[in-house]
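Below is one structure, written out as structure tokens, with a few remarks after it.
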Amino acid sequence: MIDDARFQTFGCGSAIASSSALTEIIKGKTLDEALQVSNQDIADYLDGLPPEKMHCSVMGREALQAAVANYRGETWNDDHEEGDLVCKCFAIDAPMIESTVRANRLRTLEEVANYTKAGGGCSACHEKIEDILIAVNGRLYASQATPGTARSTPAEGSGKPKLTNYQRIRKIEETLEAIRPTLQRDHGDVTLVGSRRQEDLRRTHRRLPGLCDGGRHPGRRPAETHRSLGRTGTGAAGSRARPRVTFIRQERP
Amino acid sequence: MKPIYLDNNATTACDPAVVEAMLPFFTEQFGNASSIHSFGAQVGKAIKQARMQVQSLLGAAHDSEIVFTSCGTESDSTAILSALKANPERRTVITTVVEHPAILTLCTYLEKENYVVHRLRVDRRGRIDLDEYKSLLNERVAIVSAMWANNETGTLFPVEEMAEMAHEKGIVFHTDAVQAVGKVAIDLKNSKIDMLSLSGHKLHAPKGIGVLYVRRNTRFRPLLRGGHQERGRRAGTENSASIVGLGVACELAQQHLVDANRSVKQLRDRLERGILAKVGNAFVNGDTLYRLPNTASIAFEYVEGEGILLLLNRQGIAASSGSACTSGSLEPSHVMRAMAIPYTAAHGTIRFSLSRYNTAEEVDRVIAAVPPVIAQLRKISPYWSGDGPLANPAQMFQPEYA
Numbered sequence: 000m001i002d003d004a005r006f007q008t009f010g011c012g013s014a015i016a017s018s019s020a021l022t023e024i025i026k027g028k029t030l031d032e033a034l035q036v037s038n039q040d041i042a043d044y045l046d047g048l049p050p051e052k053m054h055c056s057v058m059g060r061e062a063l064q065a066a067v068a069n070y071r072g073e074t075w076n077d078d079h080e081e082g083d084l085v086c087k088c089f090a091i092d093a094p095m096i097e098s099t100v101r102a103n104r105l106r107t108l109e110e111v112a113n114y115t116k117a118g119g120g121c122s123a124c125h126e127k128i129e130d131i132l133i134a135v136n137g138r139l140y141a142s143q144a145t146p147g148t149a150r151s152t153p154a155e156g157s158g159k160p161k162l163t164n165y166q167r168i169r170k171i172e173e174t175l176e177a178i179r180p181t182l183q184r185d186h187g188d189v190t191l192v193g194s195r196r197q198e199d200l201r202r203t204h205r206r207l208p209g210l211c212d213g214g215r216h217p218g219r220r221p222a223e224t225h226r227s228l229g230r231t232g233t234g235a236a237g238s239r240a241r242p243r244v245t246f247i248r249q250e251r252p
Numbered sequence: 000m001k002p003i004y005l006d007n008n009a010t011t012a013c014d015p016a017v018v019e020a021m022l023p024f025f026t027e028q029f030g031n032a033s034s035i036h037s038f039g040a041q042v043g044k045a046i047k048q049a050r051m052q053v054q055s056l057l058g059a060a061h062d063s064e065i066v067f068t069s070c071g072t073e074s075d076s077t078a079i080l081s082a083l084k085a086n087p088e089r090r091t092v093i094t095t096v097v098e099h100p101a102i103l104t105l106c107t108y109l110e111k112e113n114y115v116v117h118r119l120r121v122d123r124r125g126r127i128d129l130d131e132y133k134s135l136l137n138e139r140v141a142i143v144s145a146m147w148a149n150n151e152t153g154t155l156f157p158v159e160e161m162a163e164m165a166h167e168k169g170i171v172f173h174t175d176a177v178q179a180v181g182k183v184a185i186d187l188k189n190s191k192i193d194m195l196s197l198s199g200h201k202l203h204a205p206k207g208i209g210v211l212y213v214r215r216n217t218r219f220r221p222l223l224r225g226g227h228q229e230r231g232r233r234a235g236t237e238n239s240a241s242i243v244g245l246g247v248a249c250e251l252a253q254q255h256l257v258d259a260n261r262s263v264k265q266l267r268d269r270l271e272r273g274i275l276a277k278v279g280n281a282f283v284n285g286d287t288l289y290r291l292p293n294t295a296s297i298a299f300e301y302v303e304g305e306g307i308l309l310l311l312n313r314q315g316i317a318a319s320s321g322s323a324c325t326s327g328s329l330e331p332s333h334v335m336r337a338m339a340i341p342y343t344a345a346h347g348t349i350r351f352s353l354s355r356y357n358t359a360e361e362v363d364r365v366i367a368a369v370p371p372v373i374a375q376l377r378k379i380s381p382y383w384s385g386d387g388p389l390a391n392p393a394q395m396f397q398p399e400y401a
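Those protein sequence lines, which keep their order, are chains X and Z. Residue numbering for the first sequence is 0 to 252, as defined by numbering that gives the first Met the number 0. Residue numbering for the second sequence is 0 to 401, as defined by numbering that gives the first Met the number 0.
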């Protein structure tokens, strides 16, 4: 069990605060319990950190990992690369976006937002995200022409038959599965409650304000979820072929 | 406890005379300067007077060479983009590594658009190699842009000499003089400088007003097109109140110029000597012989700048830093890196920048406040042990820098 914990830091106010907070949190915990402390826990202890300073909490946690490894005689590798902050709304840096783009063969702004959340807020960082996409892919791809990931269906002709209820619900569930990891990373989740017609969807949106906290627990806004559901559809046939989904309830911790 | 403001290179307080001169132009003479009616009748005259006041401070030959803009950044962008537009067969820009982001970010963007940018390096004191500069001057260069004074260290560049060299090769020379105007003597008519940027809020004028000096007969293409304001060189309804304020500020700056280089310089030297006498492992960054009279950039080794600033702020002392935590990225300022200052010192650099409003008493209070702040941070620093730096820091702590 940890009796006492001290820190040293060559860092800013947030780094000092994060280190100090961490030493307070882990006193009285076992080593394994201490390793469960996440950087979000540190930020919460401080009543939140600005996006530019979130990496200070990450550094604190890494220092703890290194200390425990050192105590146990293990080696600890720091593979956490950090770089320029691109998305201020959600505190996402350039190397994170680039590695996600490469790993998932992303091509558009929208895909980047779906996978990392970057660019899904105020949109001021879109030029920087596009620069990263161009650097990785050699060019910028238009949103419509995305072969995209394994999950999306290929574009189909306009004479597509209408989906049965069962097929529609399956499609919706598949799409929700694709975005669920992003929500869960922020301690949230999504449940399909029901499905209604397209026209009712717009009215529903207005009755569901503030699903996104926008601050410490940024999540996807209803409009984004709707867009992603709308696009993962049956291609060029237009709105009639898109799955009509409403009542996406975003669960909060 | 009265707060002490030592961050004048970031921005300055408006002189009360400036504010007083501006007030009538908000609710009395608020008319558009282009209007004929009585609400605008005085505005045109006031703007002309302000133009002459700016001309006088800069030593420009004609008041028509003064173009009012919204800020130093706009003046910088206008100058460089104009030179490129006006000389389309030339696609190279020469600048330096220590310029303000207003220049450097624009140049990075220009490289994306397939322009060529040469950035002159500096030595450990932040000085340029004039031979390297000369070797880059050729007929492909559209413009040279070199700052008159560095905002972080105060180091002065030999811009008049550089302008002469550019002129000999028929190349346009621009200087970002935002930090220099009002602090050092400027005499443009007797120089070969073609364009110069100035920012009001660095010389006790309001924020949101700047000037681009454009020497007569310089090929020019405007950035903002629209109405015919500023003789067609910068469209947009004139910010008459701020223009008037800037004019007054320039006149005051000219009156206080000798003072700036005497009493303010003395206070700066007193502050610097006082701090260095009391704090070990600290040194001044930049060219101490050839720099602005009001700026002291001091590196405190083994501690981090934001921590220093926050602790000083608790005592009512305002300064700034070039450390990573205070910038957008995780790297210390590009100026520190360009001078090859080690990270252990670059992150701990504090910039104290004085104005004519600072007093000896304030300086003495700061000299007393700094040493305990540094000591407190060194106690928790992994590089420090007891009374001095760790004997073998390389063995104890090896952070990875992205």
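Idealized CB from N, CA, C, for every residue including glycine.
Can you tell me which of X:Leu175, X:Arg179, X:Gln183 puts its alpha carbon nearest to the alpha carbon of glycine 193 of chain X? In the first sequence, residue 193 of chain X corresponds to position 194, counting from 1. With distances taken between Cα atoms, glycine 193 of chain X lies closest to X:Leu175.
According to DSSP, is leucine 175 of chain X part of a helix, a strand, or is it coil? Within the first sequence, residue 175 of chain X is the residue found at index 176, counting from 1. Leucine 175 of chain X: helix per DSSP, three-state reduction.
Give the residues of chain Z in contact with glutamine 7 of chain X, contact being defined as C-beta atoms less than 7 Å apart. In the first sequence, residue 7 of chain X corresponds to position 8, counting from 1. Listed along chain Z, the residues sitting closer than 7 Å to glutamine 7 of chain X by beta-carbon distance are Ile379, Ser380, Pro381.
Three-state secondary structure (DSSP) of isoleucine 373 of chain Z: For the purposes of this step, residue 373 of chain Z is identified with residue 374 of the second sequence, where counting begins at 1. Isoleucine 373 of chain Z falls in the helix class under three-state DSSP.
In chain Z, which residues lie less than 8 Å from isoleucine 15 of chain X when you measure between Cβ atoms? The count along the first sequence starts at 1 and reaches residue 15 of chain X at position 16. When 8 Å is used as the limit between beta carbons, isoleucine 15 of chain X is near these residues of chain Z: Gly306, Ile379, in chain order.
Selection from X:Val67, X:Ile15, X:Gly12, X:Cys55 that minimises the alpha carbon distance to methionine 0 of chain X: In the first sequence, counting from the first residue as 1, residue 0 of chain X sits at position 1. When only C-alpha atoms are compared, the closest one is X:Val67.
Proximity to glycine 244 of chain Z [Cα-Cα], best of Z:Val115, Z:Val213, Z:Lys201, Z:Leu266: Locating residue 244 of chain Z in the second sequence gives position 245, counting from the first residue. In terms of Cα proximity to glycine 244 of chain Z, the closest of Z:Val115, Z:Val213, Z:Lys201, Z:Leu266 is Z:Lys201.
Say whether chain Z places a C-beta atom closer than 7 Å to the C-beta of glycine 72 of chain X. As a working mapping, residue 72 of chain X is identified with position 73 in the first sequence. Glycine 72 of chain X does not count as touching chain Z.
Neighbourhood of glutamine 54 of chain Z by C-beta distance below 6 Å, restricted to the same chain and skipping five residues each side: What you label residue 54 of chain Z is simply residue 55 of the second sequence in a count that begins at 1. Asp62, Ile65, listed in sequence order.
So what's tyrosine 212 of chain Z in DSSP terms, helix, strand or just coil? Taking the first residue of the second sequence as 1, we reach residue 212 of chain Z at position 213. Assignment of tyrosine 212 of chain Z by DSSP, reduced to helix, strand and coil, places it in the strand class.
DSSP three-state assignment for serine 320 of chain Z, whether helix, strand or coil: Looking up residue 320 of chain Z in the second sequence gives position 321. When DSSP states are grouped into helix, strand and coil, serine 320 of chain Z belongs to the strand group.
Can you tell me whether lysine 84 of chain Z sits near the ligand HEM, meaning its C-beta is under 6 Å from at least one heavy atom of the ligand? Ligands displayed in this structure: none; no statement on the ligand HEM is therefore possible.
Does DSSP classify leucine 48 of chain X as helix, strand or coil? Taking the first residue of the first sequence as position 1, residue 48 of chain X is located at position 49. Looking at leucine 48 of chain X - three-state DSSP - the assignment turns out to be coil, as it is neither helix nor strand.
Beta-carbon proximity of arginine 233 of chain Z to threonine 68 of chain Z, cut-off 7 Å: Taking the first residue of the second sequence as position 1, residue 233 of chain Z is located at position 234. Taking the first residue of the second sequence as position 1, residue 68 of chain Z is located at position 69. Yes.
Using a beta-carbon distance cut-off of less than 9 Å, what residues from the stretch 286-302 of chain Z approach chain X? Identification of residues in the stretch 286-302 of chain Z having a C-beta nearer than 9 Å to some C-beta of chain X yields Tyr301, Val302, given in sequence order.
Using beta carbons (cut-off 7 Å, strictly below), is leucine 309 of chain Z in contact with chain X? Here residue 309 of chain Z refers to the residue found at position 310 when the second sequence is read from its first residue. It does: the Cβ of leucine 309 of chain Z has a partner Cβ on chain X nearer than 7 Å.
Please say whether cysteine 70 of chain Z and serine 196 of chain Z have beta carbons closer to each other than 7 Å? As a first step, residue 196 of chain Z is located in the second sequence; it is residue number 197 there, counting from the start. As a first step, residue 70 of chain Z is located in the second sequence; it is residue number 71 there, counting from the start. No, these two residues do not count as a Cβ contact at 7 Å.
Below 6 Å CB to CB, which residues in the same chain sit around valine 362 of chain Z once its five sequence neighbours on both sides are set aside? Working through the second sequence from its first residue, we reach residue 362 of chain Z at position 363. So the list reads Leu266, Arg269, Leu270, once near-sequence residues are dropped.
Using C-beta distances below 7 Å, list every residue in its chain close to tyrosine 165 of chain X, excluding the 5 sequence neighbours before and after it, in chain order. Sequence index remark: in the first sequence, residue 165 of chain X carries index 166 (1-based). Shown here for tyrosine 165 of chain X: not one same chain residue has a beta carbon closer than 7 Å to its own, the five before and five after excluded.
Same chain only: Cβ atoms within 7 Å of glutamate 237 of chain Z, ignoring 5 sequence neighbours per side: Taking the first residue of the second sequence as 1, we reach residue 237 of chain Z at position 238. In chain order, Ala32, Ile46, Phe67, Gln228 place their CB closer than 7 Å to the CB of glutamate 237 of chain Z, counting only its own chain and leaving out the 5 sequence neighbours on each side.
Mind checking which residues open and close the alpha helix (DSSP H) that includes isoleucine 1 of chain X? Along the first sequence, one-based indexing puts residue 1 of chain X at 2. Going by DSSP, isoleucine 1 of chain X is part of no alpha helix (DSSP H) at all; its letter is neither H nor E.
Which of the three DSSP states is assigned to glycine 156 of chain X in this structure? On the first sequence, position 157 is the one that residue 156 of chain X refers to. Because glycine 156 of chain X carries a pLDDT of 42, less than 50, the predicted location of this residue cannot be relied on, and no value is offered for it.
Given this structure, state the Cα-to-Cα distance separating isoleucine 91 of chain X from glutamate 330 of chain Z, to the nearest angstrom. The count along the first sequence starts at 1 and reaches residue 91 of chain X at position 92. The count along the second sequence starts at 1 and reaches residue 330 of chain Z at position 331. So the alpha carbons of these two residues sit roughly 16 Å apart.
Applying the criterion that 16 or more other CB atoms from any shown protein chain within 10 Å of the CB defines a buried residue, is cysteine 11 of chain X buried or exposed? What you label residue 11 of chain X is simply residue 12 of the first sequence in a count that begins at 1. Buried, since its Cβ has 16 or more Cβ neighbours within 10 Å.
Nonlocal neighbours in the same chain, by C-beta distance under 7 Å from phenylalanine 29 of chain Z, ignoring five residues either side: As a working mapping, residue 29 of chain Z is identified with position 30 in the second sequence. Contacts found: Phe38.
Would you call the stretch 53-68 of chain X and the stretch 25-38 of chain X touching, i.e. three or more CB-CB distances under 8 Å? Contact annotation: the stretch 53-68 of chain X touches the stretch 25-38 of chain X, with at least three C-beta pairs closer than 8 Å.
Can you find a CB in chain Z that lies within less than 7 Å of the CB of glycine 120 of chain X? Against the first sequence, residue 120 of chain X aligns to sequence position 121. For glycine 120 of chain X, no CB of chain Z lies under 7 Å from its own CB, so it is not counted at the interface with that chain.
Quick check: is the beta carbon of glycine 10 of chain X nearer than 7 Å to any beta carbon in chain Z? Taking the first residue of the first sequence as 1, we reach residue 10 of chain X at position 11. Yes, glycine 10 of chain X counts as interfacial toward chain Z.
Is valine 302 of chain Z near glycine 347 of chain Z, with beta carbons less than 7 Å apart? To locate residue 302 of chain Z, count along the second sequence from 1; it is residue 303. To locate residue 347 of chain Z, count along the second sequence from 1; it is residue 348. Contact: yes.
Since I believe valine 247 of chain Z is in contact with alanine 16 of chain Z (beta carbons under 8 Å), could you give me their beta-carbon distance rounded to a whole number of angstroms? Taking the first residue of the second sequence as 1, we reach residue 16 of chain Z at position 17. Taking the first residue of the second sequence as 1, we reach residue 247 of chain Z at position 248. A Cβ-Cβ distance of about 6 Å is found for the pair alanine 16 of chain Z and valine 247 of chain Z, placing them in contact under the 8 Å criterion.
Quick check: the Cα distance between leucine 207 of chain X and valine 189 of chain X, rounded to an integer number of angstroms? In the first sequence, the residue the question calls residue 207 of chain X occupies position 208. In the first sequence, the residue the question calls residue 189 of chain X occupies position 190. In this prediction, leucine 207 of chain X scores a pLDDT of 33, lower than 50, which makes its location untrustworthy; the coordinate-derived value is nonetheless stated afterwards. Linking leucine 207 of chain X to valine 189 of chain X through their CA atoms gives a straight-line distance of about 14 Å.
If you compare alpha carbons, which of Z:Arg126, Z:Leu275, Z:Ala82 is closest to aspartate 193 of chain Z? Position 194 of the second sequence, counted from the start, is the residue given in the question as residue 193 of chain Z. Considering only alpha carbons, the answer is Z:Ala82.
Along the chain, which unbroken stretches of the alpha helix (DSSP H) at least 4 residues long are found entirely within the stretch 20-98 of chain Z? Runs found: 23-26, 40-57, 71-85.
Taking 7 Å as the cut-off, decide whether the C-beta atoms of isoleucine 424 of chain Z and glutamine 7 of chain X are in contact. With chain Z running from 0 to 401 in the structure shown, residue 424 of chain Z is simply not present.
Cα separation between glutamate 223 of chain X and lysine 116 of chain X? Position 224 of the first sequence, counting from 1, holds the residue named residue 223 of chain X. Position 117 of the first sequence, counting from 1, holds the residue named residue 116 of chain X. Interpretation of glutamate 223 of chain X is limited by its pLDDT of 44, a score under 50 that renders its predicted location unreliable; no figure is taken from the coordinates.
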